[in-house]
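Residue numbers (my numbering), protein chains in the order written: chain A, 2 to 188; chain B, 2 to 188. See below for the structure under consideration.
Number of protein chains: 2
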Amino acid sequence: MEAVLRQQIGKIVSLSDDEFQFVLSHFLVGNYKKHQYIIQQENPVPYVHFVVKGLLKSFYIDKSGKKHILQFAMKDWWITDNQGFYNKQNATLNIDCLEDAQTFYITLENREKLCAELQKMEFFFLQKMTAGNIALQNRILSLMSKNSEERYMQFIQLYPDLIHRIPKTLIASYLGISRETLSRLSH
Amino acid sequence: MEAVLRQQIGKIVSLSDDEFQFVLSHFLVGNYKKHQYIIQQENPVPYVHFVVKGLLKSFYIDKSGKKHILQFAMKDWWITDNQGFYNKQNATLNIDCLEDAQTFYITLENREKLCAELQKMEFFFLQKMTAGNIALQNRILSLMSKNSEERYMQFIQLYPDLIHRIPKTLIASYLGISRETLSRLSH
DNA sequence: GCATTAACGTGATATAGGTCACAAATTATT
DNA sequence: AATAATTTGTGACCTATATCACGTTAATGC
């Protein structure tokens with residue numbers, strides 16, 4: 002399972018065996034069951050998680066009690082409540098498991114120490130964060146310029162593997178539409 | 002005007018005079034007139050800009066010809082087409098000036114050289130990118146969970162200074178609503 | 001200072017998508 | 001295997017927001 006993390010980093014910077022062991026020593030391993038929460042609204046956000054296997058979702062509950070999915074995270078994805086984690090605030094999001102999952106997780110302190118000690122890791126995280134920004138900007142433009150059907154088609158195209166692992170209800174919530182509307186689209 | 006950039010960086014990492022001069026040497030200065038484009042769809046995106054004064058907007062034109070504002074950028078803000086800039090692709094966005102503007106701009110090569118030479122600048126850019134991510138995630142949740150009026154109120158609260166400098170039509174476009182709907186909200 | 005263009009407000013009408021309600025089908029749990 | 005819980009489909013109806021079409025006012029450029 003270390004290989005998953007190593008490969009992910011290796012796509013951006015090259016690490017010797019020793020360097021990777023050093024990187025790894027900053028992380029912990031966690032195993033979670035379906036339905037288990039790893040981050041909860043109103044609570045501190047001590048870690049960012051790198052998913053090794055399984056599937057998680059982060060979601061926001063608005064003032065009328067409605068859930069909105071911000072992100073799904075499967076193997077190779079990073080997930081946390083960014084606002085809580087980076088600003089050391091309590092979570093406004095919840096994160097739980099859609100499937101049994103395993104993650105490598107790291108504290109902000111350890112991440113910063115790691116970056117200070119091994120500059121290429123800072124480069125790695127910057128690249129990841131940049132890619133995240135691009136994806137988020139595209140999602141905003143998609144929400145603003147596409148209708149429900151176009152957004153659903155785009156989701157299928159972007160994440161073909163997720164379609165079969167996630168209930169339509171949750172995909173609808175991710176796309177910002179009601180489950181009924183999504184149901185009527187899919188033929 | 003150098004002071005604007007220095008202060009922006011100084012909020013995150015401390016720089017000696019020499020270090021700041023070194024940082025500065027990687028940037029160029031640009032002056033632009035109202036209505037002038039600094040980035041155009043289908044063209045390369047050689048720079049990311051740090052705004053010293055004036056006001057710019059980035060926008061996407063969808064397939065039906067409708068404009069959607071992705072970002073406004075005033076003093077102290079960074080702006081570019083991220084996808085084009087970081088992935089060395091042609092722009093999918095346009096960026097032009099709402100007011101005469103001045104920016105410090107830098108190429109990706111220079112930015113990477115700067116980060117390699119002065120590690121705290123990499124930390125700086127990572128912090129900025131992280132803050133950007135948080136803002137984008139909040140915007141997505143806002144688009145998904147709030148109605149037009151709530152989004153407009155939130156905009157006023159977040160950017161009180163912009164309200165008087167930007168036509169309502171453009172604010173509507175940023176919020177993802179029609180100008181008529183916004184007009185009917187504002188009493 | 002005048003002419004052009006952009007911005008704004010507002011009525012009338014259309015529509016995408018939301019909400020509610022119920023039943024069927026599928027998946028989990030013991 | 002039986003029971004409970006979740007997911008999905010679909011009809012009927014509702015509503016927020018879009019669109020179209022004006023006229024008015026305010027900026028802007030020459």
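All residues carry an ideal CB built from backbone N, CA and C; glycine is no exception.
Going by C-alpha to C-alpha distance, which of the options sits closest to residue i?
i	options	result
K34/A	I96/A, Q42/A, N88/A and Q9/A	I96/A
G177/B	L176/A, L142/A and D162/A	L142/A
P47/A	Q90/A, M130/A and Q138/A	Q90/A
V53/B	Q120/B, E20/B and C98/B	C98/B
L76/A	Q84/A, H50/A, K64/A and H69/A	Correcting the residue identity first, residue 76/A is Lys in this sequence and not Leu. Ranking the options by Cα distance to K76/A, first place goes to H50/A.
Q1/A	V30/A, Q138/A, N148/A and R7/A	Residue 1/A lies beyond the residue range present for chain A, which begins at 2 and ends at 188; the question has no answer from this structure.
E43/B	V24/B, G85/B, I164/B and P161/B	G85/B
Q138/B	E20/A, Y61/A, V5/A and S26/A	Y61/A
L71/A	L183/A, S184/A, I172/A and R180/A	I172/A
R166/A	A74/A, S146/A, I10/A and K147/A	A74/A
H1/B	L119/B, Y38/B, R112/B and M145/B	In the structure displayed, chain B extends from 2 to 188; residue 1/B sits before or after that span and is not available.
W79/A	S15/A, Y175/A and Q103/A	Q103/A
M122/B	V30/B, V5/B, M2/B and V14/B	V14/B
L16/B	E150/B, L119/B and Q155/B	L119/B
M2/B	P161/B, G31/B and F126/B	G31/B
G66/B	M154/A, K147/A and Q158/A	K147/A
Q41/B	K58/B, M145/B and L29/B	K58/B
Q128/B	I107/A, Y153/A and Y87/A	Y87/A
Q37/B	D101/B, S149/B and L29/B	D101/B
L29/B	L186/B, D18/B and Y106/B	Y106/B
T170/A	E181/A, L163/A and V5/A	E181/A
D63/A	M145/B, G11/B and Q9/B	M145/B
C116/B	A4/B, L25/B, V5/B and K12/B	L25/B
Quick one: grab the DSSP three-state call for residue i.
i	result
E100/A	strand
Q72/A	strand
S184/A	helix
I167/B	coil
I172/B	helix
Can you name the residues of chain B whose CB is closer than 8 Å to the CB of residue i?
i	result
H69/A	L142, M145 and S146
Y106/A	What Y106/A touches in chain B: nothing, since even the nearest Cβ is about 17 Å away.
Against residue i, what residues of chain A qualify as contacts under a CB-to-CB distance less than 8 Å, listed in chain order?
i	result
G177/B	L144 and M145
Requested in this report: Taking a Cβ distance cut-off of 8 Å, strictly less, list which residues of the stretch 77–103 of chain B are near chain A, in chain order.
Outcome: Residues N83, Q84, Y87 and N88.
Query raised in the report: Which of the residues in the stretch 119–138 of chain A, read from start to end, lie with their CB under 7 Å from any CB of chain B?
Result: The residues in question are Q120, E123, F124, F126, L127, M130, T131, G133, N134, I135, L137 and Q138.
Query raised in the report: Taking the runs of the beta strand (DSSP E) that are 3 residues or longer, which of them lie wholly in the stretch 93–163 of chain B?
Result: As far as the stretch 93–163 of chain B is concerned, its whole beta strand (DSSP E) runs of at least 3 residues are 95–108.
Requested in this report: Taking only runs that begin and end inside the stretch 8–93 of chain B, name each unbroken beta strand (DSSP E) of 3 or more residues, in chain order.
Outcome: Runs of the beta strand (DSSP E) inside the stretch 8–93 of chain B: 29–33, 38–40, 48–62 and 68–75.
**Report entry** Where the stretch 48–62 of chain B meets chain A: residues whose CB sits under 8 Å from a CB there
**Finding:** If the cut-off is 8 Å between Cβ atoms, the stretch 48–62 of chain B has Y61 near chain A.
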